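If you're matching positions, the sequence shown starts at 1 in our numbering and goes up one per residue. Working notes for the structure below.
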Amino acid sequence: VLAQAMAGARRSIRSADRDLLSLLGGWLGGPGLHGVPAGPRRAERLRAMVRFQQLSAPATAKSVEDTAFYRYGRLLSRNEVGSDPAQFALAPAAFHAATAARLAMPRALLATATHDHKRGEDSRARLAVLSEMPEAWDASLRRWTARMAALKPLVEGVPAPDAADEIMLYETLLGAWPNDLLPRSLTPDGLASLEARVAAWQEKALREAKRHSEWAAPDAAYEAACRAFLAILLDPAHPAGMAHELATFAGRLAPRGALNSLTQTVLRLTCPGIPDLYQGGEFWDLSLVDPDNRREVDFAARAAALDAGAAPGALLAQWRDGRIKLAILARLLALRARLPDLFAHGQYQPIAIEGACPGRALAFLRQHQGSRLLVVVSRLASAAAGTESLPLITPAAWEDTRLIPPAGLALDGMEDVLGSKGDGDPLRLGTLLARLPVAVLLGT
């Protein structure tokens, strides 16, 4: 690894620093210490190695997560702690291979949110939908940037924010837009709350990026101009009309993002590994970076939803309040408690899908000592969603898409854990996913 890093550094380093690079390489990767006699030189090399190891992780975090992630805004759902923006996505076959490999680490954590995430798990799931509708996103960006060009405040004669900061702001607004802040109900309190949250993110983003401002030397003029620009965007009375347009676009993304979120929730609780649940993630988590992701959690509302015990399918029509996510979490956690060995030691087997749209679903089987768990989830919903208001691909949109199960797997006799199935051929996705975009079936 060190040899590869040295080779990469030699290709890009300034010529004046080549001698220093060679010196570091000698300290860190020269002959083993077992051949170096005790004395000052050995102690110096040991100290260099220890300090390099201690400083490498925080230096990487500061340069990547706390700088590059605030400069590169092509698709902000990829800019997450532990993620690599260069990896756009995994094909189903690659997903299955990576998930099966996790069987070697059955107690490894499956986490989609932490105290340090850049965006909540459901915000990222919503922003990922932009990758499915690039033409619409491109057209909207061009329209918005052209409309707002003449409305930007000037800082020393230069419009602010610049293009990179402006586009990241639009993405951030869409990802954090509350599900109940609809175009027909842009309440002053709702917009003010959103503006305050995004303003706090904006200040941090500008300073972390270190392009126009930074923590050590804030550029008050540029930050004030960006803050004023945000206020224009969220002013429903402003002639630019951006608040209404943003709400409309967010409303288009929201049900598709919720579908992605439910898929993500089911995968986290059924794939090999130990699922982690960050505080507040029981309902939709559209939070931004800290301190937004550390706001007080309404545990009373979550407790009330649990006590009500509504089935996930019964909550689909009211999906915006997040109770459907909690209902799925509760049922799958109860299943894990009921069959711990299945989840801890169960084999992982991908299930083939054929028909009109096989790429819009994933399916796999977990098996252990006579217990079988079939998991089917929707993906890439934008092209197939039959409704603009529900996180669901309508049964007709699946056409003849169906599972190709292994021999001996009879779906008719399996328990429908989430209540997703409709009437008809149990192998057809239009039946399996008739009432929910996710299905979990248990057979023993």
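Using N, Cα and C, we set each Cβ at its ideal position, and we do this for glycine too. Note that this is a predicted model, so its numbers are computed, not measured.
Going along the chain, which unbroken runs of the alpha helix (DSSP H) with 4 or more residues stay wholly within the stretch 296 to 377?
299 to 308, 323 to 338 and 340 to 345
By DSSP's criteria, V438 is part of a beta bridge. Which residues make up the other side?
V377
Beta-carbon contacts of K118 that lie in its chain and below 7 angstroms, excluding the five residues immediately before and after:
F69, N79, E80, V81 and V289
Are the stretch 295 to 314 and the stretch 390 to 405 in contact at 8 angstroms, needing three or more beta carbon pairs?
no
Pull up the DSSP beta-bridge partners for P481, would you.
Coverage of the chain is limited to positions 1 through 444, which leaves residue 481 absent and any answer about it impossible.
Runs of beta strand (DSSP E) lying entirely within the stretch 1 to 70, each at least 3 residues, in chain order:
none
Do L75 and L28 count as a contact pair if the criterion is CB distance below 8 angstroms?
no
A200: which of D189, L154 and L169 sits nearest, CA to CA?
L169
When you compare the stretch 186 to 201 with the stretch 255 to 274, are there three or more beta-carbon pairs, one atom per stretch, that lie closer than 8 angstroms?
no
Let me confirm a value: S261 is counted as buried when at least 16 other C-beta atoms fall within 10 Å, else exposed. Which label applies?
buried
With a cut-off of 8 angstroms on the beta carbons, I'd call V376 and A363 a contact; round off their distance for me.
4 angstroms
For A381 versus L259, is the C-beta distance shorter than 8 angstroms?
yes
Test item: CB-CB of Y222 and H212 under 8 angstroms:
yes
Please go through the same chain and pick out, in chain order, the residues whose beta-carbon is closer than 6 angstroms to the beta-carbon of R45, but skip the five residues on each side of it.
W27
For the structure I just gave you, are there three or more beta carbon pairs, one from the stretch 432 to 441 and one from the stretch 407 to 422, closer than 8 angstroms?
yes
Taking the alpha-carbon of G257 as reference, which of S15, G175, K62 and L23 has the nearest alpha-carbon?
G175
By how many angstroms is the C-alpha of L373 removed from the C-alpha of S63?
43 angstroms
Between which two residues does the alpha helix (DSSP H) containing I393 stretch?
Unbroken run through I393: none, as it is neither H nor E.
Taking the alpha-carbon positions, what's the A301 to F283 distance?
10 angstroms
Is it a yes or a no for the stretch 97 to 105 touching the stretch 140 to 153, going by three-plus beta-carbon pairs under 8 angstroms?
no
Taking only the alpha-carbon atoms, compute the straight-line gap between R336 and Q53 and give it to the nearest angstrom.
39 angstroms
Determine the contact status of K210 and T60, defining contact as a CB-CB distance below 8 angstroms.
no
Local Cβ density within 10 Å of Q318, reported as buried at 16 or more and exposed below that
exposed
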